[in-house]
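What follows is a set of notes on a single structure, which appears directly below.
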Amino acid sequence: PDFDIEHYKGTYVSSSGVEYGGRQRAYRRYMGGSSSNPIYNNPLWTIYEQKAGTKVDRFMMTNEMTIMPDDKTSFVIRAGIDAWGDDRSWFFPIGSSGSRNSGVFAEDALTNREVNYDFIARRNVDLGSMSLNVTAGYNWWDRAYNRTSFNISSFLVNTDKETVNVNTAAEASTVDNSKLFIRSGRTYGLLSLSAMDNLFVNFSGVSEEHSTISDPYFYPAMDLAYQFTDMLAGTPLSFGKFRLAWGQVGVRPSAHRFETLAESGFSYSAYSDPLDVSLFGGGYRVDDDKGNPSLKPELKTETEFGLDMRFLDDRFSLSITSYQNNIEDMLINVSKSPSTGYDTQYMNA
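Residue numbers for the sequence shown follow my numbering, so the first one is 1 and each next one is one higher.
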């Protein structure tokens, strides 16, 4: 049957004559009392009574300077910043459908700042039938992130005011704050060689220092391509290229995993109701996730072989590729025996 959604709010009168104003008028449960869940919201209630807003401010800037002493040499200096703030809020008054039926008010305040500096030097060298390109550079990156959140549920009064006074009980409120600080420095180099427009070779290497590990790590790479079309002149083959690549890449551990920290907002339970620390004035304990001062970067090694061919003036083509990946020191959370006093430990497998 049709349902007129126009009058989405009303006053519920209980059997004892108590009036509850501002109740939602919905299709499934026409006009509910203080504890009735409408199951599905009236669309106008969702539009005019519930709120889910966000305000984002963002600032980005990049400056770059290029210095060319001659036509074969260049130096690039680049600096950039990306900073933003995101304020989010949610308000669901009493009578909303689902798990927010008793009312929910929540806010998140997020800030993030990332700074990059790059210094790059390039040099091209002509060697007759060969050419050489050399690139060297350094990158410095810094990130700071902060998030502060609170959530209040089970309103004591039916109101449309976004205030923390809707319920001041400790068990109805949660507050959370998380911070993240990461910094890294990368020194890298690239050597590119081409010969007779047939042979192309690249060698590269990166040494990285990161705030999430104790020692710097190095990962190299190389690739080779040989175009053998000229060797098969007069055959149906119109193009042929062989390629081979090998490289390593490091994956840094997550931040702030060296030490065993403290945590709050926990509870204990066995077969009875849980004991929540917030009901006893709050507190801290040693984190059940054990720190690990011996973390190493996760190392991925990949080898690839390929063959590209075209026939009859490029009317037909055939490509063959074979590759292999191998991951060492994979970073995972490993479950610990309860007798150790910890649940997990972040480590290299």
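Beta carbons are placed, not taken as given, at the ideal position from N, Cα and C, and that holds for glycine. Treat the numbers as computed from the prediction; the structure is a model and nothing was measured.
Take residue i as the anchor and find which of the options has the nearest alpha-carbon.
i      : options                        : result
Ser153 : Phe305, Ala144, Thr168         : Thr168
Leu110 : Val201, Ala195, Lys179, Leu156 : Lys179
Leu318 : Arg285, Phe239, Tyr12, Gly282  : Phe239
Thr66  : Val115, Arg310, Ile120         : Ile120
Gln248 : Ala349, Gly128, Phe92, Thr301  : Thr301
Leu237 : Arg310, Asp4, Gly283           : Arg310
Ala26  : Pro93, Asp82, Tyr48, Ser97     : Ser97
Arg88  : Arg78, Lys9, Val56             : Val56
Trp90  : Asp108, Gly80, Glu6            : Asp108
Lys336 : His7, Val175, Asn292           : Asn292
Ile182 : Arg252, Asn124, Met31          : Arg252
Glu49  : Asp82, Met60, Lys9             : Lys9
Lys72  : Asn124, Tyr145, Asn37          : Asn124
Using only the alpha-carbon positions, how far apart do residue i and residue j sit?
i      : j      : result
Ser211 : Ser294 : 13 Å
Arg28  : Tyr40  : 7 Å
Lys290 : Asp343 : 8 Å
Asp215 : Asp329 : 15 Å
Asn177 : Tyr219 : 36 Å
Leu199 : Arg143 : 41 Å
Asp314 : Asp308 : 11 Å
Phe3   : Gly17  : 27 Å
Leu312 : Lys241 : 16 Å
Gly21  : Gly281 : 35 Å
Leu279 : Gly185 : 45 Å
Ile320 : Arg243 : 10 Å
Ser99  : Thr46  : 15 Å
Tyr12  : Asp273 : 34 Å
Met68  : Val76  : 9 Å
Glu64  : Arg147 : 31 Å
Ser173 : His256 : 27 Å
Ser207 : Asp126 : 28 Å
Thr163 : Arg23  : 20 Å
Thr340 : Leu275 : 22 Å
Gly234 : Ser129 : 25 Å
Arg58  : Phe105 : 25 Å
Ser322 : Phe316 : 21 Å
Comparing the CB of residue i with every heavy atom of the ligand MN, is any distance shorter than 7 Å?
i      : result
Asp223 : With respect to the ligand MN, the structure offers nothing, as it holds no ligand at all.
Compute the distance between the beta-carbons of residue i and residue j, then report whether it is under 8 Å.
i      : j      : result
Asn42  : Trp84  : no
Asn202 : Met222 : yes
Tyr277 : Ser267 : A quick correction: the sequence has Val, not Tyr, at residue 277. Result yes, Cβ atoms of Val277 and Ser267 sit closer than 8 Å.
Ser102 : Phe155 : yes
Gly250 : Glu304 : no
Ile94  : Asn165 : no
Asn139 : Asp160 : no
Gly80  : Thr54  : no
Lys296 : Asn333 : no
Tyr346 : Ser204 : no
Arg122 : Ser194 : no
Met60  : Asp86  : no
(request) List in chain order: all unbroken beta strand (DSSP E) runs of 3+ residues lying wholly within the segment 280-346. (result) 298-311, 316-328, 331-335
(request) Would you check if the segment 130-138 and the segment 188-202 touch, i.e. whether three or more CB-CB distances between them fall below 8 Å? (result) yes
(request) Output the residue ranges of the beta strand (DSSP E) runs that lie fully inside the segment 51-88 and measure 3 residues or longer, sorted by chain position. (result) 51-70
(message) Using a Cβ distance threshold of 8 Å, determine whether the segment 259-276 contacts the segment 220-230, with at least three qualifying pairs required.
(response) no
(message) List, from N- to C-terminal side, the beta strand (DSSP E) runs of 3 residues or more that fit wholly inside the segment 108-178.
(response) 130-153
(message) I'd like the ranges of any beta strand (DSSP E) spanning at least 3 consecutive residues and lying wholly in the segment 168-251.
(response) 173-195, 199-210, 217-227, 237-251
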